[in-house]
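Scroll down for the structure; my scribbles are underneath it.
Residue numbers (the numbering used here), protein chains in the order written: chain A, 1 to 92; chain B, 1001 to 1110.
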């Protein structure tokens, strides 16, 4: 059971590479923002899984909670910035 | 019994993550990708967190407080992830990003 959680983390890291492609290539900045959000939300799960693997769950759950809040604020700030500057970008 | 449930929930969460990522790569337009990524990421994360909470019952050192914290995280993600997706789509609409229309659909409309 212990190794199942470890393999879960490894597969999750493998899945996290895909939005990286969209974040780099994505034609509009909206795609890049979405790639960042996708990676951020998966990192929350990865932090909890790493906490389970290291048997320090109580510390890592707090980190995951803080990271989820940070990710949410980052997406709001970036989208607030995007819709002002985005006009030139999507129009081109 | 709990062990099979944990494995099932975690694998379902992984499957949803994978579906979301395939949707992000293959779909033609930013809005369709956002629709896919927003929903499947949230649901995958929620199911995975439920699986980890159940795993807490098997795994001795995880106290009840930590499981409650993971449920707190579950509720937080339930509220914020769709809100973040909505903020992104709203930014795209205000930035003037027009949704993608299938090429031959235009001809049929004329």
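Ideal Cβ positions, reconstructed from N, Cα and C, are used throughout, including at glycine.
Hey, quick one: how far does the alpha helix (DSSP H) through residue 1094(B) stretch, first residue to last?
Start at 1 with the first residue of the second chain, and residue 1094(B) comes out as number 94. Residue 1094(B): member of the alpha helix (DSSP H) spanning 1064-1094, first to last residue.
Does residue 81(A) pass the burial test, meaning 16 or more other C-beta atoms within 10 Å, or should it be called exposed?
Position 81 of the first chain, counted from the first residue, corresponds to residue 81(A). With fewer than 16 other Cβ atoms within 10 Å, it is exposed.
Given a cut-off of 7 Å, decide if residue 1067(B) and residue 1079(B) are closer than it, judged by their beta-carbon atoms.
For the purposes of this step, residue 1079(B) is identified with residue 79 of the second chain, where counting begins at 1. For the purposes of this step, residue 1067(B) is identified with residue 67 of the second chain, where counting begins at 1. No. Outside cutoff.
For chain A, find out if any of its Cβ atoms is closer than 7 Å to the Cβ of residue 1012(B); answer yes or no.
For this step, residue 1012(B) is matched to residue 12 along the second chain. Closer than 7 Å: no.
Relative to the alpha-carbon of residue 1007(B), which residue among 1037(B), 1039(B), 1018(B), 1049(B) has its alpha-carbon at the smallest distance?
In the second chain, residue 1007(B) corresponds to position 7, counting from 1. Taking each of 1037(B), 1039(B), 1018(B), 1049(B) in turn and checking the Cα distance to residue 1007(B), the smallest one comes out for 1049(B).
Is there a Cβ from chain A that is less than 7 Å from the Cβ of residue 1068(B)?
Residue numbering aside, residue 1068(B) sits at position 68 when the second chain is read from its first letter. Nearest CB-CB separation between residue 1068(B) and chain A: not below the 7 Å threshold.
Interface partners of residue 1039(B) on chain A, CB under 8 Å:
Reading the second chain from its first residue, position 39 is the one you call residue 1039(B). Using a Cβ-Cβ cut-off of 8 Å, residue 1039(B) is close to nothing in chain A; its nearest Cβ partner there is about 12 Å away.
Could you compute how far the alpha carbon of residue 70(A) sits from the alpha carbon of residue 1104(B)?
Looking up residue 70(A) in the first chain gives position 70. Looking up residue 1104(B) in the second chain gives position 104. Within the model, the alpha-carbon separation for residue 70(A) versus residue 1104(B) is close to 43 Å.
Do the region 59-74 of chain A and the region 19-28 of chain A touch if we need at least three Cβ pairs shorter than 8 Å?
Three or more Cβ pairs closer than 8 Å define a contact, and the region 59-74 of chain A falls short of that threshold against the region 19-28 of chain A.
Against chain B, does residue 34(A) count as a neighbour if the rule is that its beta carbon must be under 7 Å from one of theirs?
In the first chain, counting from the first residue as 1, residue 34(A) sits at position 34. Cβ-Cβ to chain B under 7 Å: yes for residue 34(A).
At the level of alpha carbons, what is the spacing between residue 92(A) and residue 1097(B)?
Position 92 of the first chain, counted from the start, is the residue given in the question as residue 92(A). Position 97 of the second chain, counted from the start, is the residue given in the question as residue 1097(B). Unreliable placement is indicated for residue 92(A), whose pLDDT of 46 sits below 50; the coordinate value is still reported in the next sentence. Residue 92(A) and residue 1097(B) have their C-alpha atoms some 11 Å from each other.
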